[in-house]
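Asker: One structure follows; several queries about it will come next.
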Amino acid sequence: MTHMTGAEAMVRMLEAHGVRHLFGLCGDTSLPFYDALARLDHGIAHILTRDERHAAYMADGYARVTGRVGVCEGPSGGGATYLLPGVVEANESSIPVLALNSDISVASKGRFTLTELDQKAMFRPLTKWNTVIPSAAKLPQSVREAFSQMTTGRPGAAHLALPFDVQKQTVDAAEVWGDPALGVFPARRQAADPDTISAAVTLLREADKPLLICGGGPVIAGAFDEVRRLAELLDAPVATSVSGKGILADTHRLALGVVGSNGGTTPTRDVVAAADLVLFIGCRAGSVTTEKWRHPAHGKQRIIHLDVDPATAGANYPLDVAIVGDARLALGQLGAALIGAGVRSRGGAASAAALRVASAKREKFEVFDALARADDTPIKPERIVATLNALLPVDSVVVADPGTPCPYFSAYYQLQESGRRYWSNRAHGALGYSLAAAVGAAVGRPSAKVVAVMGDGSFGMCCGELETIVRLKLPITLVVVSNATYGWIKAGQKSGFDARYFSVDFSRTDHAQVAAAFGVKSFSVSDPSKLRDTLRVALEAGEPTLVDVIAQPLHEANAPVSEWIA
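Numbering of the sequence shown is given in this note's numbering, commencing with residue 268 and proceeding in unit increments.
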């Protein structure tokens with residue numbers, strides 16, 4: 268019987284599930300695991316980060332662009348607590364991230380050992396599945412269960428705690444195996460009940476103005492062709508949540524764009540209101556997408572809800588039909604059933620739905636374009652979006668932090684092709700996400716130009732990872748929307764609290780100089796007429812770059828956020 272240590276077995280189990288990249292940083296309790304990574308030939312690249320939170324965000328961004336499980340790791344104690352923000356963001360965004368923390372020895376628990384905490388209790392409510400591995404003999408089974416849980420059904424995050432003494436115990440090598448098909452997601456897809464498909468087809472055929480509202484689910488499922496085909500069969504506009512952006516190219520005649528309180532606009536909301544049937548696809552129909560469940564309005568439209576999670580359908584709206592299944596498979600079933608019932612694609616650019624979409628988008632962009640052309644200072648956010656729209660290659664990846672970037676880029680950044688080319692962290696909206704997620708995206712999709720757009724509040728929370736970008740020589744471009752305030756909160760104080768501004772403003776930082784100190788090629792721009800050339804040089808530099816844009820603050824801007832507009 269051949270044996271290996273628990274640390275060696277963990278490396279081999281990751282390898283068996285197809286893991287190619289590992290984001291994290293070292294600690295005392297991780298020494299056996301790091302030694303195994305150093306000694307063994309496994310093909311896993313370890314990406315050393317500057318803190319654990321950003322290791323988790325990197326794993327998240329990596330998973331989104333590759334369709335593979337993102338893996339992050341860190342030591343016990345503070346290392347475990349620092350991983351939490353990234354793990355919960357991934358889990359509630361249905362992104363499979365495996366968080367691996369080393370831990371104190373099982374034999375040392377309950378003895379006031381340095382860095383002791385109950386990792387299982389801490390991660391349980393924040394993950395789809397988690398455990399503390401009690402012995403090396405249980406390690407292979409625990410890792411297999413983690414990968415199965417992460418990638419089947421509704422994808423999500425998992426956490427494993429690997430105690431120090433378990434890393435040194437021995438494992439029967441015959442038990443060390445895994446299914447590489449569980450290293451990608453969604454795995455083991457399930458189709459929908461044919462009866463629910465038939466019921467949905469009946470309602471869809473009866474509808475005069477059907478509307479599709481897509482969340483992140485169909486993007487995760489890769490249902491790009493299926494959504495497009497269904498929309499064309501029904502002549503139905505396709506609206507999305509922020510997470511659903513990219514399910515249809517923004518240039519498609521039926522692509523309405525993002526709707527809701529963050530990134531939605533009055534013209535696009537009017538299209539939602541005009542629908543007589545709404546089909547939610549992989550969308551939780553939460554407070555943001557529906558503007559607190561007002562659009563669609565309860566009782567005024569028929570509702571079909573398709574989701575891989577049985578608990579999601581019907582959570583917020585009374586349903587006419589609930590369809591449970593993988594979005595790609597279920598939409599394929601719907602399309603085939605509609606064609607079987609004699610439905611054929613309706614019209615083209617002059618179809619009724621296409622004309623409604625074109626009118627709404629024309630009205631939406633007339634306002635945007637006028638502001639984007641303005642030569643006012645500070646530079647308007649619209650100018651930043653329009654410039655990147657004009658300069659970025661089609662296959663670029665843009666990650667937008669919360670605050671100023673999210674509503675503007677969600678509403679107005681135009682994707683020329685469908686695919687995972689844009690996202691923001693919408694589960695919890697923590698600042699400081701985009702820089703690290705862009706690192707994960709650049710590692711996972713090295714052929715694409717990757718851009719992270721953040722406010723200066725976010726920059727202050729993540730700038731340590733500039734060293735990581737420089738060390739890895741990643742040609743990422745960072746755009747800082749610099750306005751020296753926590754803009755989202757200040758705008759909320761203006762709209763809801765009679766402009767009583769309190770504790771939201773801070774000193775302006777020269778972000779270009781900070782980044783230059785890390786070795787990043789950096790630029791600062793305050794003149795609107797110089798923005799395009801500055802961004803062009805930064806984007807084409809072929810090395811890490813940062814552009815610090817002195818920009819209009821949100822409370823003075825015309826942001827596509829419904830509560831401020833109202």
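Cβ coordinates follow ideal geometry from the N, Cα and C atoms, glycine included.
Just to confirm, are Ala-751 and His-822 a CB contact at a threshold of 7 Å?
Answerer: Their beta carbons are not under 7 Å apart, which means Ala-751 does not touch His-822 by this criterion.
Asker: Among the candidates Val-410, Thr-418, Ser-829, Gly-294, whose CA atom is the shortest distance from the CA of Asp-370?
Answerer: It is Gly-294 whose Cα lies nearest to the Cα of Asp-370.
Asker: Taking the alpha-carbon positions, what's the Leu-427 to Gln-436 distance?
Answerer: Taking the straight line joining both Cα atoms gives about 17 Å.
Asker: Which runs of the beta strand (DSSP E) at least 3 residues long sit entirely within the segment 744–811? Give them in chain order.
Answerer: DSSP runs (the beta strand (DSSP E)) wholly in the segment 744–811: 744–749, 788–792.
Asker: Please classify Trp-444: is it buried, with 16 or more other beta-carbons within 10 angstroms of its beta-carbon, or exposed?
Answerer: Exposed, by the Cβ-count rule.
Asker: Suppose the cutoff is 7 Å on Cβ atoms and the five residues either side in sequence are ignored; what does the same chain contact list for Asn-332 look like?
Answerer: The question names Asn, but residue 332 is Val in the sequence shown. Answer for Val-332: Val-664, Arg-687, Ala-708, Gly-711, Arg-712, listed in chain order.
Asker: Do Arg-623 and Val-526 have their beta-carbon atoms positioned less than 7 Å apart in this structure?
Answerer: Not a contact, by the Cβ cut-off of 7 Å.
Asker: Just confirm the distance between the C-beta atoms of Val-720 and Asp-636, as a whole number of angstroms; I'd bet it's less than 8 Å.
Answerer: Actually they do not touch by this definition, with Cβ atoms about 20 Å apart.
Asker: To the nearest angstrom, report how far apart Phe-379 and Pro-430 are at their CA atoms.
Answerer: Cα-Cα distance, rounded: 15 Å.
Asker: Should Phe-769 go down as buried or exposed, given a rule of 16 or more other Cβ atoms within 10 Å for buried?
Answerer: Flag for Phe-769 reads exposed.
Asker: On the three-state DSSP scale, how would you describe Ile-362?
Answerer: Of the three classes helix, strand and coil, the one that applies to Ile-362 here is coil, per DSSP.
Asker: Under 8 Å by Cβ, that's how I've got Gly-745 and Leu-806 pegged, so tell me the actual separation to the nearest angstrom.
Answerer: According to the sequence displayed, residue 745 carries Leu and not Gly. So it is not a contact: roughly 11 Å between Cβ atoms.
Asker: Counting C-beta neighbours from all protein chains within 10 Å, is the total for Ala-589 16 or more, i.e. buried, or is it exposed?
Answerer: By the 10 Å Cβ count, Ala-589 comes out buried.
Asker: So, at 6 Å on beta carbons, what are the nonlocal neighbours of Ser-297 in its own chain, with the 5 sequence-adjacent residues on each side left out?
Answerer: The residues are Pro-342, Ser-369.
Asker: Less than 7 Å between the beta carbons of Gly-513 and Leu-682, yes or no?
Answerer: In contact: Gly-513 and Leu-682 (Cβ atoms closer than 7 Å).
Asker: Among Thr-557, Ala-808, Glu-649, which has the Cα closest to the Cα of Pro-820?
Answerer: Ranking Thr-557, Ala-808, Glu-649 by Cα distance to Pro-820 puts Glu-649 first.
Asker: Could you spell out the range, first to last residue, of the alpha helix (DSSP H) harbouring Gly-221?
Answerer: Within the shown structure, residues of the chain are numbered from 268 to 833, placing residue 221 beyond reach of any answer.
Asker: Quick one: is Pro-830 buried, meaning 16 or more other Cβ sit within 10 Å of its Cβ, or exposed?
Answerer: One point to set straight first is that residue 830 is Glu, not Pro, in the sequence displayed. Classification for Glu-830: exposed.
Asker: Who are Arg-287's beta bridge partners in DSSP?
Answerer: Per DSSP, none; premise fails for Arg-287.
Asker: Can you name the start and end residues of the beta strand (DSSP E) that Ile-590 belongs to?
Answerer: Ile-590 -> beta strand (DSSP E) spans 588–591.
Asker: Could you tell me the distance, in whole angstroms, from the CA atom of Leu-292 to the CA atom of Val-661?
Answerer: In a straight line, the C-alpha of Leu-292 is about 34 Å away from that of Val-661.
Asker: Put Glu-262 into one of helix, strand or coil per three-state DSSP.
Answerer: With the chain running from 268 to 833 in the structure shown, residue 262 is simply not present.
Asker: Quick one: measure Cβ to Cβ for Ile-548 and Pro-485, integer angstroms, because I've assumed they're closer than 8 Å.
Answerer: Contact holds; Cβ gap of about 5 Å.
Asker: Once you ignore the five residues that flank Asp-517 on each side, which residues in its own chain have a CB closer than 6 Å to its CB?
Answerer: Gln-681, Leu-682, listed in sequence order.
Asker: Taking only three categories from DSSP, how would you classify Trp-396?
Answerer: If DSSP states are grouped into helix, strand and coil, Trp-396 belongs with the strands.
Asker: Might you give, ordered along the chain, the residues of its own chain that have their beta carbon closer than 8 Å to the beta carbon of Tyr-329, omitting 5 neighbours on each side?
Answerer: Closer than 8 Å at Cβ, skipping near neighbours: His-288, Phe-290, Arg-335, Gly-337, Gly-707, Ala-708, Val-710, Gly-711.
Asker: If you run the structure through DSSP and keep just helix, strand and coil, what is Gly-722?
Answerer: Residue state, collapsed to three classes: strand.
Asker: Just curious, the alpha helix (DSSP H) that Phe-491 is in, first and last residue?
Answerer: Run containing Phe-491: 491–501, per the alpha helix (DSSP H) assignment.
Asker: Buried or exposed for Val-804, please, with buried defined as at least 16 other CB atoms from any protein chain shown within 10 angstroms of its CB.
Answerer: Exposed, by the Cβ-count rule.
Asker: In chain order, which continuous runs of the beta strand (DSSP E) of length 3 or greater are located wholly inside the segment 620–667?
Answerer: The qualifying runs are 664–667.
Asker: Can you check DSSP and say which residues form a bridge with Ile-817?
Answerer: Answer is Ser-749.
Asker: Pull up the CB-CB distance for Val-748 and His-778, whole angstroms please, since I reckon it's below 8 Å.
Answerer: About 10 Å; that fails the 8 Å criterion.
Asker: Checking the sheet assignment: what are the DSSP bridge partners for Cys-481?
Answerer: Answer by DSSP bridge pairing, in chain order: Thr-507, Ile-548.
Asker: With which residues is Ser-369 paired in a DSSP beta bridge?
Answerer: Its beta-bridge partners are Leu-429.
Asker: Grab the span of the beta strand (DSSP E) containing Tyr-584 for me, first residue to last.
Answerer: That residue, Tyr-584, is in no beta strand (DSSP E); it is neither H nor E in DSSP.
Asker: Near Glu-383, which residues of its chain fall below 6 Å by C-beta distance, leaving aside the five closest residues on each side in sequence?
Answerer: Same-chain partners within the cutoff: Ile-371.
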